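Going down the list, the protein sequences come from chains E and Y. First residue of the first sequence: 1, per the working numbering; consecutive thereafter. First residue of the second sequence: 1, per the working numbering; consecutive thereafter. This report concerns only the one structure given below.
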Amino acid sequence: MGYIVPIKELGESPLVDPKISLHEVTDVVAKVTENKAPRGWWFAFLFAASFTGILGIAVGVLFWYGVGVWGNNSPSYWAWDITNFVWWIGIGHAGTLISAVLFLFRQKWRTAINRFSEAMTIFAVMCAGMYPGLHVGRAWYAYYMFPIPNQMSLWPNFKSPLMWDIFAVSTYFTVSLLFWYVGLIPDFATLRDRAKTAVRRKVYAFFALGWLGSNRHWQNYERAYLILAAFSTPLVLSVHSVVSFDFATSVIPGWHTTIFPPYFVAGAVFSGFAMVMTLMLITRAVYGVKSIVTMKHLELMNKIMLTTGSLVGYAYGMEFFLAWYSGNDYEWFTFVNRATGPYAWAYWTMISCNVITPQIFWFKKMRTSIPVMFVASILINIGMWFERFVIIVTSLHRDFIPSSWGYFRPTIVDVLTYMGTLGFFFTAFLLFIRWIPMIAIAEVKGTLPSADPHFGHAHADHGDENHDTEAAPDAALAPGE
Amino acid sequence: MQIFPRSLNKLPALAAIGGGVLVGGLTLGIWYYASPKNTQIGYAPTQPVPYSHRLHAGQMGMDCRYCHSNIEKAAHAMVPPTQVCMGCHSIVRSDSARIAPIKVSWETNQPIEWVKLHKLPDHAYFDHSAHLTAGVGCVTCHGRIDQMEVVRIDQPIAMGWCLECHRDPVKNLRPRDQITNMTWTPEQSPTFKAPEVHPPEHCSGCHR
Numbered sequence: 001m002g003y004i005v006p007i008k009e010l011g012e013s014p015l016v017d018p019k020i021s022l023h024e025v026t027d028v029v030a031k032v033t034e035n036k037a038p039r040g041w042w043f044a045f046l047f048a049a050s051f052t053g054i055l056g057i058a059v060g061v062l063f064w065y066g067v068g069v070w071g072n073n074s075p076s077y078w079a080w081d082i083t084n085f086v087w088w089i090g091i092g093h094a095g096t097l098i099s100a101v102l103f104l105f106r107q108k109w110r111t112a113i114n115r116f117s118e119a120m121t122i123f124a125v126m127c128a129g130m131y132p133g134l135h136v137g138r139a140w141y142a143y144y145m146f147p148i149p150n151q152m153s154l155w156p157n158f159k160s161p162l163m164w165d166i167f168a169v170s171t172y173f174t175v176s177l178l179f180w181y182v183g184l185i186p187d188f189a190t191l192r193d194r195a196k197t198a199v200r201r202k203v204y205a206f207f208a209l210g211w212l213g214s215n216r217h218w219q220n221y222e223r224a225y226l227i228l229a230a231f232s233t234p235l236v237l238s239v240h241s242v243v244s245f246d247f248a249t250s251v252i253p254g255w256h257t258t259i260f261p262p263y264f265v266a267g268a269v270f271s272g273f274a275m276v277m278t279l280m281l282i283t284r285a286v287y288g289v290k291s292i293v294t295m296k297h298l299e300l301m302n303k304i305m306l307t308t309g310s311l312v313g314y315a316y317g318m319e320f321f322l323a324w325y326s327g328n329d330y331e332w333f334t335f336v337n338r339a340t341g342p343y344a345w346a347y348w349t350m351i352s353c354n355v356i357t358p359q360i361f362w363f364k365k366m367r368t369s370i371p372v373m374f375v376a377s378i379l380i381n382i383g384m385w386f387e388r389f390v391i392i393v394t395s396l397h398r399d400f401i402p403s404s405w406g407y408f409r410p411t412i413v414d415v416l417t418y419m420g421t422l423g424f425f426f427t428a429f430l431l432f433i434r435w436i437p438m439i440a441i442a443e444v445k446g447t448l449p450s451a452d453p454h455f456g457h458a459h460a461d462h463g464d465e466n467h468d469t470e471a472a473p474d475a476a477l478a479p480g481e
Numbered sequence: 001m002q003i004f005p006r007s008l009n010k011l012p013a014l015a016a017i018g019g020g021v022l023v024g025g026l027t028l029g030i031w032y033y034a035s036p037k038n039t040q041i042g043y044a045p046t047q048p049v050p051y052s053h054r055l056h057a058g059q060m061g062m063d064c065r066y067c068h069s070n071i072e073k074a075a076h077a078m079v080p081p082t083q084v085c086m087g088c089h090s091i092v093r094s095d096s097a098r099i100a101p102i103k104v105s106w107e108t109n110q111p112i113e114w115v116k117l118h119k120l121p122d123h124a125y126f127d128h129s130a131h132l133t134a135g136v137g138c139v140t141c142h143g144r145i146d147q148m149e150v151v152r153i154d155q156p157i158a159m160g161w162c163l164e165c166h167r168d169p170v171k172n173l174r175p176r177d178q179i180t181n182m183t184w185t186p187e188q189s190p191t192f193k194a195p196e197v198h199p200p201e202h203c204s205g206c207h208r
């Protein structure tokens with residue numbers, strides 16, 4: 001993870017403010033967890049936590065009365081439950097893309113945002129993971145989803161994509177959690193070494209797993225991180241592909257298309273980046289980490305959103321084209337119905353949020369304007385939710401038999417469950433910001449000029465004894481205590 | 001600051017062994033104790049009348065259908081009413097103390113509350129007559145009733161157990177005239193050829 005001098009001729013600029021010192025990086029990030037929480041944090045936390053409580057009530061009502069408390073009914077057997085599941089799991093994908101794929105491609109700019117987005121992945125996957133269990137209606141039968149030998153001789157149907165989903169999502173969660181935690185170990189050690197109170201020191205020491213920052217520790221760490229990145233990378237593509245199979249392997253018009261896996265993956269990355277952006281802009285402003293998460297990072301993220309947003313737009317167009325080109329009446333009807341039927345408002349919300357909104361990022365002025373990107377990121381979050389809603393509900397609500405057509409309306413329990421998962425997500429996220437370094441301290445240091453072994457010694461000899469301590473992150477400075 | 005003592009270096013190995021033992025023990029424990037073979041077989045509640053199948057069906061050789069008369073025709077296998085008992089016991093041993101509860105039931109017209117053993121869940125549809133018509137013997141599911149002083153459950157009444165036979169019924173089939181024979185073996189009917197039965201294996205076969 002050596003420092004790479006930006007090539008001015010290619011228009012490259014330093015990733016992090018080059019004037020910031022190694023110690024300042026530690027300080028800026030660690031202070032957030034050490035200082036008292038600002039009043040705003042408490043307001044946000046209590047607000048989010050009360051929605052988590054509402055989630056508990058909504059889920060309790062669901063378990064007590066059954067899925068009838070939701071708006072799902074013939075013919076829309078899937079509605080908000082699966083919409084929210086796909087939305088949450090999609091949001092998670094940006095975290096994995098940033099942390100794993102960009103790591104393997106040596107995109108150093110990821111270091112400022114990877115910790116943050118990995119945390120988002122984990123909490124989003126938690127929220128997503130609730131829905132399959134909730135939507136079966138009888139949660140005490142959730143174990144049917146797992147291959148557990150039982151006296152009923154019942155075994156999961158391995159030919160079912162819903163089964164693949166269970167494995168895809170649980171693998172994804174496990175790998176993401178490990179990846180996140182491994183990356184956190186050196187930073188936990190930094191917090192441990194800075195701790196003022198005994199309890200704090202003990203807790204961080206426990207999570208730091210005895211990290212000493214020795215050369216050997218760093219070598220093992222780098223290798224483990226690389227292996228986990230290699231594990232996670234295929235998951236970025238596979239998990240949402242499998243989620244799309246839930247739809248694509250069925251014979252419902254509007255679902256049964258081969259474009260679904262790449263279309264879903266692009267959408268997932270798109271929505272995930274939008275969520276990272278929303279959260280990052282708020283945190284960055286509140287906690288003053290602007291010198292680490294610079295405009296350059298934000299601009300690069302906007303470029304990714306422009307790319308993935310356009311990919312998603314292409315997919316929308318291609319779906320429509322193929323519905324016509326296939327000559328299949330049912331397929332064509334479904335798509336015309338999406339754009340002009342009773343859910344046209346949802347369809348056009350989706351198009352304007354997902355396809356039109358990111359196009360403003362063609363302009364550098366827009367790409368670098370904080371208010372513009374904040375509004376855009378929220379619009380994209382909304383749009384991507386509507387994308388899943390449109391795919392699920394508009395394909396179902398007018399099925400093959402006109403006599404069974406219906407119009408899905410969410411109930412209050414639907415709404416509260418969704419709000420509740422948002423509350424849970426933000427509760428977890430606020431706790432993360434409060435207690436865990438939200439920026440990968442050790443990794444950001446690797447992108448600083450002072451991480452260069454030759455820093456301060458233009459073409460210096462390799463024999464210089466100062467360079468080791470200069471280059472290594474803080475944790476390495478605390479020899480085996 | 002280091003809170004982990006050197007001795008913790010052994011932890012991974014210990015955790016691997018301990019975890020293995022724990023998971024293995026838990027699996028074995030559930031496999032044995034939570035199985036219907038453990039929770040159901042041997043259940044033999046005390047009945048309101050000390051009726052002995054060993055005496056009636058075993059020593060005296062009464063046919064099952066003398067008392068359980070509808071088992072070949074009805075979905076629900078009956079427990080005989082007091083009147084069936086009294087058919088004999090109004091004459092035979094009518095003064096025995098063991099018969100007393102029967103006589104009380106006879107005189108007060110209150111049925112005896114026999115304790116049911118073979119309970120199926122409400123969501124399982126079971127037709128007793130279909131099984132007998134196909135040629136499943138009593139002993140296959142109920143065991144050697146003719147040797148039981150007090151009736152007890154002999155087989156695990158669990159879905160997996162049902163399916164075992166539904167998937168391969170032939171070995172449990174016998175000639176129709178031998179269904180109540182507790183000691184029948186295939187050698188006794190060398191010319192018997194099991195009928196072609198196709199018991200359902202799909203969900204709605206039993207969960208209608």
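Cβ coordinates follow ideal geometry from the N, Cα and C atoms, glycine included. If you're wondering where the values come from, they're calculated on a predicted model, not measured in any experiment.
Judged by beta-carbon spacing, residue 40(E) lies within the 8 Å limit of residue 286(E), meaning their Cβ atoms are closer than that value.
Partner residues in the beta bridge of residue 173(Y), as assigned by DSSP, are 136(Y). Close to residue 202(E), with beta-carbon spacing below 7 Å, are these residues of chain Y in chain order: 3. For residue 4(Y), the closest of 329(E), 211(E) and 277(E) by C-alpha to C-alpha distance is 211(E).
Here residue 132(E) is not near residue 63(E), since their CB atoms are 8 Å or more apart. By the neighbour-count criterion, in which 16 or more other beta carbons inside 10 Å mark a residue as buried, residue 93(E) falls on the buried side. Under a criterion of Cβ atoms nearer than 7 Å, the residues of chain E adjacent to residue 163(Y) are, in order, 153. Taken through DSSP and simplified to helix, strand or coil, residue 337(E) comes out as helix.
Nearest neighbour of residue 127(E) by Cα position, chosen from 150(E), 304(E), 167(E) and 55(E), turns out to be 55(E). Per the Cβ contact rule, the segment 264-274 of chain E is not in contact with the segment 416-435 of chain E (fewer than 3 Cβ pairs under 8 Å). The beta-carbon of residue 160(Y) is placed less than 8 Å from the nearest beta-carbon of chain E. Residue 52(Y) and residue 149(Y) have their C-alpha atoms roughly 5 Å apart. Straight-line spacing of the CA atoms in residue 21(Y) and residue 122(Y) works out to 39 Å.
Runs of alpha helix (DSSP H) with 4 or more residues, each lying fully within the segment 164-243 of chain E, are found at 198-207, listed in chain order. Note on geometry: alpha-carbon atoms of residue 96(E) and residue 176(E) lie some 7 Å from one another. Checking the DSSP bridge columns, you'll see residue 76(E) partnered with 73(E).
Secondary structure of residue 117(Y) (DSSP, three-state): coil.
Between residue 42(Y) and residue 153(Y), the gap from beta carbon to beta carbon is short of 8 Å.
Contact annotation for residue 36(Y) against chain E: 151 [CB-CB distance below 9 Å, chain order]. For residue 224(E), the closest Cβ of chain Y is not nearer than 8 Å.
Apart from the 5 residues on each side of it in sequence, residue 165(Y) sits with its Cβ closer than 7 Å to the Cβ of 172 in its chain, given in chain order. Across the structure, residue 152(E) and residue 27(Y) are spaced so that their CA atoms are roughly 17 Å apart. Between the alpha carbons of residue 95(Y) and residue 170(Y) lies a gap of roughly 47 Å. Against chain Y, the beta carbon of residue 206(E) has neighbours under 9 Å at 3 and 4, listed in chain order. Minimum Cα-Cα distance from residue 108(Y) among the listed residues 196(Y), 15(Y), 83(Y) and 193(Y) corresponds to 83(Y).
Residue state for residue 246(E) is assigned as helix, using DSSP reduced to three classes. Separation of residue 57(E) and residue 424(E) (C-alpha to C-alpha, rounded to the nearest whole angstrom) is 13 Å. The C-beta of residue 210(E) comes closer than 8 Å to at least one C-beta of chain Y.
For the set 198(E), 79(E) and 18(E), the Cα lying nearest the Cα of residue 388(E) is the one of 79(E). Here DSSP, grouped into helix, strand and coil, assigns residue 198(Y) to coil. Secondary structure note for residue 427(E): its alpha helix (DSSP H) is the uninterrupted segment 412-435.
8 Å or more divides the Cβ of residue 297(E) from the Cβ of residue 268(E). Under the DSSP assignment, residue 377(E) falls in the alpha helix (DSSP H) whose first and last residues are 370-389.
For residue 89(Y), the enclosing alpha helix (DSSP H) stretches over residues 82-89.
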